[in-house]
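Just below is one structure, and these are the notes that go with it.
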Amino acid sequence: MINILESVLIFTILATIVWAKSIDNLQVLGDFRSIKLKWNYYDRHSNHDAGGPRFKIRYCELNNWQMKSRCKDRIVKATNMTTGNDDKHNDHYHDDPATNDDVIIDLKRTNNEHYEASINSLRVHTNYSVLVQVINDRFGHQNTNDDHDDGDDGDLIKTKSDAILVSTKSFMARTLRCLANISEIQVFTGPYFGGRISVEGTDNPACLINGDRTNPKDSYNFTISHELCKSKTVDNVRIETMVMVNENREILTHNSRRYLVICGFDPDKYTLTASVAVPSFLLKKYSDRIREKPSSLAITNDAVKFDWPVLDKRENPKGRYPVYIERNPLMINKTIRL
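Mapped onto mature numbering (1 follows the signal peptide of the UniProt record, and there is no 0), the consecutive letters of the sequence shown carry residue numbers -20 to -1, 1 to 318.
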C-alpha cells in the first residue's frame, strides 16, 4: 500500500513539474503584415509581480530561392495587462505607425498562465515558422535584434514549443463599378500600406495611388479612367485594364500582385423607345373617368406639379402617345488575379 502511494505521489510531482514548465496550446494567426501568437505557460518559481519569465521568440522567413531560411530571434519580457486596458494594447500595432520601420514584438501576459504576442512589420503573402522558448533568468543576457541561425542556446530552459508554420495575408481586389468611361476597384492592402497601386503600361499620375504608411485604413478605392489609363477595348464588348499592387513602390517583389479588371457590356440590358396609337373610344372613356374622380387625383402640395398626358384628340390629332421602356445599359464586371 505504501509503495502504491509513493508511486502515485512521484507521478503527481513529475506531472506537475512537466506541466508547470511546458509551453502549451501555441496558436498563431497571420494578418497582412503581422502575426499574432497566444500560448499558455506557468512557472511557479517566476516572480509574477515583476512581469513573469522572459521568452525567446524565433521567426523564420521561408522561401524557395534561399538555401537556408533567414531566422531572427527576439528576447522579450511580458508586461502585466489588466482587463480594463487589454483592448488598448491589442490595438497597439494599429495605433503606432512606427511599426512600419522595424520589426517589433509586443508581448503581454493576460493572467498568470496566458500570454499574447504580436510580431509586426512583416511581409505580406510570406510564409513564416514561429518557435517560442523560455529564457532562464539566472543568465543576464540582453535583448538582441540580430539575425540568428545556430547560436548558443545555453541560456534556454529546455522548454520550447513546436515550430508552427503560418502565412501572412496577400493583397486582394474586387470590382466596385464598371461604367463606359471608368472602372472602380477596391484593393485590400492591410493597415499602414506604403506601396503602390497602379495601372500597368502607363506613367500617367492619374493612374496610380501611393499608399500612406501613417494611415491605418486597410483598403484603397482606385478609380480607373479608361481613356487616361489606356484601357484595352476588346471586340467592342468588353474593356480590360491591368492593375499592379506592389508592397515596394520602386521594385517588384515576390508579393507583388497583378489583377486583370474586365468590364463587359451585358447583352440583356437595353433601352427601347416606342409609341402607341390609342383609339378614340379609349381616350373618351379614360377622359370621362378622370372627370368623374377629380378629388382622388388632386395634389394638395403646391410645390409638386403633376402633368397629365394629353388625352384631348384636338390637341393630338394623330392620336399617338410615347411610351418609354428603359433598362439602363449596365456593365458586368470581374477581377481576375494573374
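Even for Gly, the Cβ is constructed at its ideal location relative to N, Cα and C.
Would you list the one or two residues that DSSP bridges to V165? Indexing the sequence shown from 1 puts residue 165 at position 185. It should be noted that the sequence gives Ile, not Val, for residue 165. DSSP links I165 through a beta bridge to T155 and F202.
Expected contact under 8 angstroms - CB spacing of Y108 and L17 to nearest Å: Position 128 of the sequence shown, counted from the first residue, corresponds to residue 108. Position 37 of the sequence shown, counted from the first residue, corresponds to residue 17. Incorrect: roughly 11 angstroms between the Cβ atoms, too far for contact.
When the Cα atoms are used, what is the spatial distance from G175 to V217? Within the sequence shown, residue 175 is the residue found at index 195, counting from 1. Within the sequence shown, residue 217 is the residue found at index 237, counting from 1. Those two C-alpha atoms are separated by around 33 angstroms.
Could you check the C-alpha separation between R89 and S98 for me, to the nearest Å? Against the sequence shown, residue 89 aligns to sequence position 109. Against the sequence shown, residue 98 aligns to sequence position 118. Taking the straight line joining both Cα atoms gives about 12 angstroms.
Span of the beta strand (DSSP E) holding H94? Walking along the sequence shown from the start, residue 94 turns up at place 114. H94 to I99 is the span of the beta strand (DSSP E), which, as asked, contains H94.
Could you give the DSSP three-state label for C209: helix, strand or coil? Here residue 209 is taken as the residue at index 229 of the sequence shown, counted from 1. Secondary structure at C209: coil, using DSSP grouped into helix, strand and coil.
Please report how far the alpha carbon of V104 lies from the alpha carbon of L87, in whole angstroms. Taking the sequence shown and counting its residues from 1, one reaches residue 104 at position 124. Taking the sequence shown and counting its residues from 1, one reaches residue 87 at position 107. In a straight line, the C-alpha of V104 is about 22 angstroms away from that of L87.
Would you report the Cα separation of H128 and C40, rounded to the nearest angstrom? Reading the sequence shown from its first residue, position 148 is the one you call residue 128. Reading the sequence shown from its first residue, position 60 is the one you call residue 40. Bear in mind that the predicted position of H128 carries a pLDDT of just 49, short of 50, making it unreliable; the figure below should be weighed with that in mind. If I take the Cα positions, the gap works out to 10 angstroms.
Would you grab the beta carbon distance between F12 and K149 for me? Rounded to a whole angstrom, and I think it's under 8 angstroms. Within the sequence shown, the letter at position 32 stands for residue 12. Within the sequence shown, the letter at position 169 stands for residue 149. With a Cβ gap of about 5 angstroms, F12 and K149 count as contacting.
Beta-carbon within less than 8 angstroms of S147's beta-carbon, same chain only, minus the 5 sequence neighbours each way: which residues are those? Position 167 of the sequence shown holds residue 147. Sequence-distant partners of S147 (beyond 5 residues in either direction) whose C-beta falls short of 8 angstroms from its own C-beta, in its chain, are G10, H105, T106, N107 and Y108.
Taking L102 as the reference, give the member of I162, M47, F173 and T213 with the closest Cα. Numbered from its first residue, the sequence shown carries residue 102 at position 122. With distances taken between Cα atoms, L102 lies closest to F173.
Roughly how many whole angstroms lie between the Cα atoms of C187 and K212? Counted from its first residue, the sequence shown places residue 187 at position 207. Counted from its first residue, the sequence shown places residue 212 at position 232. Spanning the two alpha carbons is a distance of roughly 14 angstroms.
Can the beta-carbon of I85 be found closer than 8 angstroms to that of R34? For the purposes of this step, residue 85 is taken as residue 105 along the sequence shown, with counting starting at 1. For the purposes of this step, residue 34 is taken as residue 54 along the sequence shown, with counting starting at 1. In this structure, R34 does not lie closer than 8 angstroms to I85 by Cβ.
Which word fits H206, buried or exposed, when buried means at least 16 other C-beta atoms lie within 10 angstroms of its C-beta? Numbered from 1 along the sequence shown, position 226 holds the residue referred to as residue 206. Buried, by the Cβ-count rule.
Taking the continuous beta strand (DSSP E) assigned at F245, which residues delimit it? In the sequence shown, counting from the first residue as 1, residue 245 sits at position 265. R237 to F245 is the span of the beta strand (DSSP E), which, as asked, contains F245.
Output yes or no for whether 8 angstroms exceeds the beta carbon distance between K36 and Q113. By 1-based counting over the sequence shown, the position of residue 36 is 56. By 1-based counting over the sequence shown, the position of residue 113 is 133. It is a contact, given that the beta carbons lie within the stated cut-off.
Bounding residues of the beta strand (DSSP E) (the contiguous stretch that carries G10): The sequence position of residue 10 within the sequence shown is 30, counting from 1. First-last of the beta strand (DSSP E) with G10: I3 to G10.
Cβ shell of E93 (< 8 angstroms), same chain only, five flanking positions each side left out: Here residue 93 is taken as the residue at index 113 of the sequence shown, counted from 1. Here the set comprises N20, Y21 and Y22.
Round the Cβ separation of T203 and E230 to the nearest angstrom and send it over; I've been treating them as touching at under 8 angstroms. Here residue 203 is taken as the residue at index 223 of the sequence shown, counted from 1. Here residue 230 is taken as the residue at index 250 of the sequence shown, counted from 1. The Cβ separation is near 24 angstroms, so there is no contact.
Please list the terminal residues of the continuous beta strand (DSSP E) segment that includes S178. Sequence index remark: in the sequence shown, residue 178 carries index 198 (1-based). Where S178 is concerned, the enclosing beta strand (DSSP E) stretches over R176 to V179.
Round the Cβ separation of F151 and D198 to the nearest angstrom and send it over; I've been treating them as touching at under 8 angstroms. Locating residue 151 in the sequence shown gives position 171, counting from the first residue. Locating residue 198 in the sequence shown gives position 218, counting from the first residue. Rounded, the Cβ-Cβ distance is 11 angstroms, inconsistent with contact.
When I242, V225, L156 and C243 are compared against N235, the one with the closest alpha-carbon: As a working mapping, residue 235 is identified with position 255 in the sequence shown. The residue with the shortest Cα to Cα distance from N235 is V225.
Do V179 and C209 have their C-beta atoms closer together than 8 angstroms? Residue numbering aside, residue 179 sits at position 199 when the sequence shown is read from its first letter. Residue numbering aside, residue 209 sits at position 229 when the sequence shown is read from its first letter. Closer than 8 angstroms, so yes.
Going along the chain, which residues of its own chain have a beta-carbon closer than 8 angstroms to the beta-carbon of I162, five neighbours each way excluded? Here residue 162 corresponds to residue number 182 of the sequence shown, with the count starting at 1. Closer than 8 angstroms at the Cβ level, and outside the excluded window around I162, lie T203, I204, S205 and H206.
Near N201, which residues of its chain fall below 6 angstroms by C-beta distance, leaving aside the five closest residues on each side in sequence? The residue you call residue 201 lines up with position 221 of the sequence shown. So the qualifying residues of the chain are Q166.
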